[in-house]
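In my numbering, the protein residues as written are 109 to 229.
C-beta: ideal position from N, C-alpha, C; glycine also.
A quick note: this is a predicted structure, and the numbers were derived from the prediction, not measured.
Input: a single structure, listed below in structure tokens.
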Amino acid sequence: MGGEAYERFLALLRATIEEAPPAQRIPALGDRRARSREGLDEVLGPAGFTTVDWETVPLDLSGPVEQVWTAVSGLYDLGPLDRATVERLRRAFFAEVRDMTTADGHVPCAFNIHLATARLA
């Protein structure tokens, strides 16, 4: 996984958010420690949970560009952005992935997700 449409979407989204007025910026959510196995252990251990089991799973969202856009743009809250900004992001995304679109019209789009589980001790 790498170099695919998801990474390009994230780069465009970051730039879009940086350029957006403060009232339209998507706030950072969640505890940053929840992004790593060690951080989850730090958060959950004191609450009585076992050490976190961690599994990495590939998620493939490849397909026609419109379907990929719907999938990746749905992973993030674009609600604070005005319609014109979202439309500019969509057009930029379509242009950005044009070079990776296959002959049958599919865009490769995949990334890894981490599944974490823990039980009460």
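Item, Value
"Please report the distance separating the alpha-carbon of Ala155 from that of Asp185.", "30 Å"
"Which residue or residues does DSSP assign as beta-bridge partners of Trp177?", "Trp177 pairs with nothing; no bridge assigned."
"So, at 8 Å on beta carbons, what are the nonlocal neighbours of Thr210 in its own chain, with the 5 sequence-adjacent residues on each side left out?", "Pro216"
"Rounding to the nearest angstrom, what Cα-Cα distance links Val180 and Leu152 in this structure?", "29 Å"
"Nearest to Pro129 by CA position, among Ala226, Met208, Phe202 and Leu189, is which residue?", "Leu189"
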